[in-house]
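A.B. asks: Here the numbering used here is used: position 539 in the sequence shown is 540, and no number is missing along the way.
Where is the CB? At the ideal position from N, CA and C, for every residue including glycine.
To start, I am sharing the structure in question, which I have written as structure tokens.
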Amino acid sequence: MNDKFAKTESEQQAKRTKRDWPVFAVATITLLSGLAGTWEPLLMRLSSHPRLFNTLVPYELYHLSNSLTLAFGYLLIFLSINLYQRKRTAWWIAMALSSLSLALQIARLGSEHIHWLENQAWALDLPSYSVAPSIVAIAALSLTRKRFTVKSAKDTFFTATKVIITALLAVIIYGCLGFFLLDTRDFGVNFELDQALIHTIRELTLVGNPDLAAKSKFGHWFLESLSLSGMLAAAAAVVSAFRPIRYKLLTQPLEHELASGILDQYGRTALDLFKLLPDKSFFFNSDKDGVIAYKTCLGVAIVLGDATAPDAKLSKLVSDFKSFAHDNGWQVAFLQTTPSYIEIYKQNGFKAVKVGEDGVVDLEKFISTTINKKTFKSSIKKFDKDGFVLHKYTPPLANALLDEVQEISNQWLALPGRRERGFSLGQFNREELQHNDLYVLRDKDGKALAFVNQIRSYCPGEVTIDMMRHTESAPNSTMDFLFAKLLKELHTEGFKSFSLGLAALAGVGDDPKDPLEEKALHQVYEHLNRFFSYKGLRSYKEKFEPEWEARYLIYEGGPPGLVKAGLAIAKATEE
């Protein structure tokens, strides 16, 4: 799923970059300049006075110059992929390599000719134009410097695959073109394209070409340059493949540990735990005591919940993240924020729209009053009489138990409208379940009918659950009984409150004084309820008599920005 997401996000990034035509143009010019740098040494030979040239500059130094030009060309090809993504470091390296390549080409001016056009008078000045691609690339890079603002990006296997394919194609094309353009005197053979392809593949796969014997210095140099091209391509492939592996094995665990420590100290809600899901990236402040957990989708950096930091540093963290996101070409949205920091977001240029309400059950009130009302009392009496029992299991959980709850989960997912969701919700994962207490409801025969998994809330004295799933054959009111017993057990353990989570779109746009955006969402709530049962979820949670607190979507860009953020959130939760 993560690889699928990485691919989708890379594709969206490519589409956004193409719309930024100056960036697209510069990256393309750099790509063409790199191609010119790899092909130029194949087209050019020393002019008709090699002895004089050799007196001034050793022949080996001339070929070294060609080899450097070739290497710079390959690097520019690879850098163009990063330029399409607007990376600042790629801009600096591309500018340096283009300048060095230009210096090498200027140093060779007047000493070369195109050997297969040497008898054409009109072609005598063509070698002088070899400097043009580098000059154009340098000019284009200089004019667009401010557009390359991306400081970093998560390395993905999809991007690595693109680099590897590009590297392989570049080397094969170079080898085929090189063999095809060789003069007969170089190897005593006039290569056709099919022969050129075969010899290139044999040379690159280390099978070799023992039937080929170079008869000129240029022929020797070409075989060496083909080996150099293969080594450069292999190095690019290894580095590109290693970077996402390194991120997953080293960087990501360290970032996860740092984010977890910050949440331990400054976390505030039951939603905060989901910031540590593997689909999130992290943005830290300079003091490493503030973090924003986000996911990019459709050009929007979607932040889960509020920013997490000491109160005095929250505004700067939000401001710095906004700048970081804009540098990467992303719009920013915060999903399910609390009312506490609305003013901080507004001070940083954001707007807020209510998207629902979060219900929190007072466990003392529930045990003393709510559980004794008809809603729960009749269910408890019936299920107790029928021999149903809620069992608590603490880690480590046995594989047989995990098999049972996985079967429950599979049956629940088979029900109409049920599917795994992400971003602000967990998904069934046997390994993750080992970290939490598990509550399983069994009938009188010991058959498992439903389960919930307890997870941490960062609000002191509060607790919550992630998944709540039941079998297809579970009797009516099964979950009422399960929750009644669960909340009674949690109260016994000393917890003060229980978070029911978000009731999406509940309480949105009910008041005539509410803003236009909330009224529009209210219409969505009314018209889509028959498909998604928003009202049914709110109605079910009302049975627990919770206290409701508003939750907001923080966004930028006016109504178009709100629509874009909504589409991005919908997509992010489906992945």
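So what's Thr-167 in DSSP terms, helix, strand or just coil?
C.D. replies: In this structure, Thr-167 counts as helix in the three-state DSSP scheme.
A.B. asks: Tell me the residue span of the alpha helix (DSSP H) that contains Asp-265.
C.D. replies: Here the alpha helix (DSSP H) through Asp-265 covers 253-267.
A.B. asks: Whole angstroms are fine: how far does the CA of Val-240 sit from the CA of Leu-224?
C.D. replies: If you take the alpha carbons of Leu-224 and Val-240, they lie about 24 Å apart.
A.B. asks: Taking the alpha-carbon of Leu-1 as reference, which of Pro-245, Ser-369, Ile-246 and Ser-287 has the nearest alpha-carbon?
C.D. replies: No information on residue 1 is available, as it lies outside the stretch 2 to 576 that the chain covers here.
A.B. asks: Could you pull out every residue in the same chain whose Cβ sits closer than 7 Å to the Cβ of Asn-210, ignoring the five residues on either side in sequence?
C.D. replies: His-200, Arg-203 and Glu-204, listed in sequence order.
A.B. asks: Pull up the CB-CB distance for Gln-455 and Asp-438, whole angstroms please, since I reckon it's below 8 Å.
C.D. replies: About 4 Å; that satisfies the 8 Å criterion.
A.B. asks: Could you pull the start and end residues of the alpha helix (DSSP H) that Ala-91 belongs to?
C.D. replies: Here the alpha helix (DSSP H) through Ala-91 covers 89-109.
A.B. asks: Quick one: complete alpha helix (DSSP H) runs, 4+ long, within the region 145-224?
C.D. replies: Those alpha helix (DSSP H) runs which fall completely within the region 145-224 and span 4+ residues are 158-182, 185-188 and 194-205.
A.B. asks: Is Leu-315 helix, strand or coil by DSSP?
C.D. replies: In this structure, Leu-315 counts as helix in the three-state DSSP scheme.
A.B. asks: Between Glu-432 and the rest of its own chain, which residues show a CB-CB distance below 8 Å, the 5 nearest in sequence each way excluded?
C.D. replies: Answer for Glu-432: no residue qualifies.
A.B. asks: Please list the terminal residues of the continuous alpha helix (DSSP H) segment that includes Ser-410.
C.D. replies: Where Ser-410 is concerned, the enclosing alpha helix (DSSP H) stretches over 400-414.
A.B. asks: When the Cα atoms are used, what is the spatial distance from Ile-368 to Glu-546?
C.D. replies: Those two C-alpha atoms are separated by around 11 Å.
A.B. asks: Helix, strand or coil, according to DSSP, for Gln-86 in the structure here?
C.D. replies: It is coil, neither helix nor strand.
A.B. asks: Identify which residue in Pro-396, Pro-279 and Val-172 has its Cα closest to the Cα of Ala-237.
C.D. replies: Out of Pro-396, Pro-279 and Val-172, Val-172 has the C-alpha closest to the C-alpha of Ala-237.
A.B. asks: Restricting to Cα atoms, I'd like to know which of Ser-66, Met-45, Ala-215 and Phe-73 is closest to Leu-33.
C.D. replies: Cα-wise, what sits closest to Leu-33 is Phe-73.
A.B. asks: Short of 6 Å in beta carbon distance, which residues of its chain neighbour Pro-561, apart from the five on each side in sequence? Order them along the chain.
C.D. replies: Counting only Cβ-Cβ distances below 6 Å, and skipping sequence neighbours, we find nothing.
A.B. asks: Can the beta-carbon of Ala-334 be found less than 8 Å from the beta-carbon of Ile-303?
C.D. replies: Yes, they are a contact pair.
A.B. asks: Which residues in the same chain as Ala-37 place their Cβ atom closer than 6 Å to its Cβ, once the five residues preceding and following it in sequence are excluded?
C.D. replies: Once the five neighbours on either side are set aside, the close Cβ partners of Ala-37 are Pro-134.
A.B. asks: Going by DSSP in three states, Phe-545 sits in which element: helix, strand or coil?
C.D. replies: Of the three classes helix, strand and coil, the one that applies to Phe-545 here is coil, per DSSP.
A.B. asks: With which residues is Glu-358 paired in a DSSP beta bridge?
C.D. replies: Bridge partners of Glu-358: Ala-504 and Ala-551.
A.B. asks: So is Glu-195 buried or exposed if we call it buried at 16+ other beta carbons inside 10 Å?
C.D. replies: Note that residue 195 corresponds to Asp in the displayed sequence, not to Glu. Label assigned to Asp-195: exposed.
A.B. asks: Who are the near neighbours of Gly-176 in its chain, counting only those whose CB is closer than 6 Å to its CB and skipping five residues on each side?
C.D. replies: Once the five neighbours on either side are set aside, the close Cβ partners of Gly-176 are Thr-201 and Leu-227.
A.B. asks: Is the distance from the Cβ of Thr-31 to the Cβ of Ala-95 below 8 Å?
C.D. replies: Yes. Within cutoff.
A.B. asks: So the alpha helix (DSSP H) Thr-297 belongs to, where does it begin and stop?
C.D. replies: Here Thr-297 belongs to no alpha helix (DSSP H); instead the beta strand (DSSP E) covers 292-298.
A.B. asks: Of all the options Asp-359, Val-564 and Phe-482, which has the alpha carbon lying nearest to the alpha carbon of Gly-388?
C.D. replies: Of Asp-359, Val-564 and Phe-482, the residue nearest in Cα terms is Phe-482.
A.B. asks: Report all residues from its chain with a CB closer than 6 Å to the CB of Arg-422; omit the five preceding and five following residues, and keep chain order.
C.D. replies: Thr-574, listed in sequence order.
A.B. asks: Using a Cβ-Cβ cut-off of 7 Å (strictly less than) and excluding sequence neighbours within five positions of Lys-323, which residues of its own chain qualify?
C.D. replies: Result list for Lys-323: Val-333 and Asn-349, in chain order.
A.B. asks: Taking C-beta to C-beta, are Leu-84 and Val-27 nearer than 8 Å?
C.D. replies: For Leu-84 and Val-27, yes; Cβs fall inside 8 Å.
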